[in-house]
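Report on the structure given below.
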Amino acid sequence: MFTNTFRPDMKTPGSPSLGGQRLGNRRRVIRTLLAAVLIVAFMQTWSWTSQKRTWDLEYAIDEVASEEAEYEYNDFQYMPLTGLVNDGRAGKRTCEEMKYEGRLRVQESFYLEDDLTDVARTLEHHPMIIYPEGDKELPFEEMVAKRWARLAGSSVWLEKYQVFLAVTRVIFFDKENRAWPIMSFLRGQLYDEDWNELKNHTIHWHGDEITFPTVFTIPAPYIAGGGFYGPEDPRIIIEEDVEDAEPVVVFNMVYELKDVTRAMHIFRPFSNVTTILSITGEGSRPMAEKNWAPFFHNDQENATTGVKKWPSHYIHFVHSFKPLKVLRCHALNGWCDIVYEQKVSEELVSSHNDGHGRMSGGTNLVPIHIPSSPGVHAYVGFPRTHIDVGCKDDAMYRPEMMIMTAHGSDFHLNYMSESIDFGTAALLAEAISDPCGDGRILIANSVSRWDRSSGQDLMTLSFSVADETVQVLRLQGVSRFIEQLPFLGSALQHDMSQDGRVIWNLRWSAVGQDVLACSVEAAQNYSIAVAEPVQGWSRGKLREIQEAESKDKDDVLNETEMREDEKVQEAKDEKDKEKSIKHEKGSNEAFKGAKGRLKAAKEDANNEKKFIFDDDPFGHADELV
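Just so you know, the sequence shown maps onto residues 1 to 625 in the UniProt record's numbering.
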């Protein structure tokens, strides 16, 4: 038998206070939800703070190690680094609002050299290597110095072999103009950890032996009498934490001779396999594919695990920056899919003064090893701006440091620096004083190594100046710089609890586009500023202009002097004329006077004759005539 038990706090349905009880229940629910939200927020804040403290602790440990190794950095100089940070706050943003000031340290660069005579002898039987008749009387070394050059060196550290593998473009030209090469080749060299070249050094790869230095055998189509054939702009990359990874060389090359179409390729130097890359779904290939920035990305793994992996079958590329487009290409068959293409509402993006430049691929991207949410990855690299304002002869090129994050198939630009020239660490005094000439082109080609062990934090870059050099420099403090960036932690945590995935991605994507535009705008301002003292001309062009102006001045001076001489002569002639006229007038007057006197004399004589005749009837007057 069920018995109802009366309690003083129990309310019956007919009780007049039931509505108040329901209101109280709703209030309790709301308070509970608010408490839950606060708890979640607190837990997220605590989690973030804990991670931040962990980062700070890890960094403090690294800082101690860095201080112990401080003596190694005496030859590094501080380098200010200004850039733009993505904070995810979409709207009409100004560049000043997103600006962040930091600094790195940079070591003076050094040059990688090669024996071009050896390269020329290796390739002397290639059908496209034909020296002009006038060169054949020269010693071979002089002929090589006149017709061969090297540029665009890219390198990567091979952990397994404890060597750097450097790949450099070598060109042959027959018209004494290296800007118009006939044929390009890729040269491979090995260096130890201190960048001493290892000659006759052999790499053993799955039963094969590759001895360096060498010229790689890459099938390249060509037509006699043509030019610009062979591989260009090599970029080399290797997958980290992979036991048996093979480096991959990315380059562009003319592959269709009929319409001279240029396509991207990948080359595996140990396997000696070349594969052309093609984007699925494209109706026709563009005339020129180039400047793709390669990186390895696995959206199923966390970049911070450090666990050894099997080699990936895919390579990702930043295909373009505006809009941000990312490709995933199969390493064996070369087919590429567009896995991300940025779409941003113009209402969320500000207007910027970036119409005279663009951002394109420079180096490979390497992973950033900092804590993040599962599946979130971050990468750093050095793309480059192409600026067509400031210098009048041609465009200016400068690298920028970039940070990109990825979660699944979504990619965002989180940081982009302003133009970097590395100062005297990269450029000679002649190039610095000739910003529109020798100093106009500075391109970073590869992140060769990023040593983050024992507090080192040393990043090695390969780069070229004026499309003529192969140089290497080291940066110190990149990890610390990245860890101190504001708002990067928010991007790495990828907290979508408030907005949801769609809104979250829209916000970070929109601000990423602002970051890009502000970086290009800053590069334009940089180009204008460095070009102004030289009036936008190279030293050679400025000399021509000054010589022409000097010649014009001399011509004007000579013409002025001639005119002055003519005036003097005219004045003299006028004076002589006046004197002549005056003299002639005097002569005429004298003649007239003489004539008058003669006439008077005749008249006197006639009068006298008449007088004699009248007086002399015998005719003697004739004697007087």
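In this text, a Cβ means the ideal position worked out from N, Cα and C, and glycines have one as well. Note that the coordinates shown come from a computational prediction; the quantities given were computed from them, not determined experimentally.
Euclidean distance between Cα positions of residue i and residue j
| i | j | result |
| --- | --- | --- |
| residue 683 | Leu442 | Any answer about residue 683 is impossible in this case: the structure gives the chain only from 1 up to 625. |
| Ile39 | Asp495 | Note on Ile39: pLDDT 36, under 50, position unreliable in the model; the coordinate value appears next. Going from the Cα of Ile39 to the Cα of Asp495 covers about 15 Å. |
| Ala429 | Leu104 | 22 Å |
| Asp499 | Ala406 | 18 Å |
| Trp205 | Leu165 | 14 Å |
| Trp450 | Val156 | 10 Å |
| Gly188 | Asn445 | 15 Å |
| Leu461 | Gly362 | 11 Å |
| Arg539 | Ala548 | 14 Å |
| Arg452 | Val478 | 10 Å |
| Pro286 | Thr261 | 7 Å |
| Glu574 | Ile581 | 10 Å |
| Met79 | Gly408 | 35 Å |
| Arg507 | Leu186 | 43 Å |
| Asp467 | Arg147 | 15 Å |
| Ser545 | Pro181 | The sequence given here has Ile at residue 545, not Ser. Each residue's alpha carbon lies about 29 Å from the other. |
| Tyr340 | Leu458 | 31 Å |
| Ala179 | Thr122 | 23 Å |
| Ile129 | Thr202 | 28 Å |
Which of helix, strand or coil DSSP assigns to residue i
| i | result |
| --- | --- |
| Gln524 | helix |
| Ile238 | coil |
| Ile223 | coil |
| Asn252 | strand |
| Pro486 | coil |
| Pro367 | strand |
| Cys436 | coil |
| Ile266 | strand |
| Ser284 | coil |
| His319 | strand |
| Phe481 | helix |
| Thr274 | strand |
| Gly19 | Model confidence at Gly19 stands at a pLDDT of 39, short of 50, so the residue's coordinates are unreliable; what they give is reported in the following sentence. Note: Gly19 maps to helix in three-state DSSP. |
| Phe140 | helix |
| Asn505 | helix |
| Arg449 | strand |
| Thr217 | coil |
| Ile420 | coil |
| Lys325 | strand |
| Ser519 | helix |
| Met128 | coil |
| Gln476 | strand |
| Gln456 | coil |
Under 9 Å between C-beta atoms of residue i and residue j
| i | j | result |
| --- | --- | --- |
| Ser519 | Met396 | no |
| Tyr229 | Ile238 | no |
| Leu327 | Trp292 | yes |
| Ala149 | Leu348 | no |
| Ala263 | Ser278 | yes |
| Asn196 | Phe487 | no |
| Ala120 | Val470 | no |
| Pro311 | Leu492 | no |
| Ile315 | Ile368 | no |
| His352 | Ile387 | no |
| Ser154 | Val170 | no |
| Leu324 | Leu516 | yes |
| Cys436 | Asp393 | yes |
| Cys95 | Leu84 | yes |
| Phe216 | Pro269 | yes |
| His377 | His313 | no |
Residue i CB to nearest heavy atom of the ligand HEM below 8 Å
| i | result |
| --- | --- |
| Tyr340 | Judged by which ligands are present, the structure shown has none, so any question about the ligand HEM falls away. |
Closest by C-alpha distance to residue i, when choosing among the options
| i | options | result |
| --- | --- | --- |
| Ile403 | Tyr379, Thr424, Val389 and Arg384 | Tyr379 |
| Val530 | Ile432, Gly500 and Glu549 | Ile432 |
| Ala145 | Thr261, Phe172 and Ser271 | Phe172 |
| Pro383 | Asn505, Leu413, Ser372 and Ala425 | Leu413 |
| Gly536 | Val389, Met79 and Ile182 | Val389 |
| His319 | Lys290, Lys309, Trp335 and Thr211 | Lys290 |
| Glu176 | Asp135, Leu190, Gln162 and Gly207 | Asp135 |
| Glu113 | Cys95, Arg93 and Leu198 | Leu198 |
| Val163 | Gln476, Ser448 and Arg474 | Ser448 |
| Gln476 | His330, Arg89 and Val106 | Val106 |
DSSP beta-bridge partners of residue i
| i | result |
| --- | --- |
| Gln107 | Phe76 |
| Ile403 | Val380 and Tyr415 |
| Pro294 | Phe317 |
| Met396 | Ile387 |
| Arg169 | Leu151 and Leu186 |
| Phe212 | His201 |
| Arg178 | According to DSSP, Arg178 bridges with nothing at all. |
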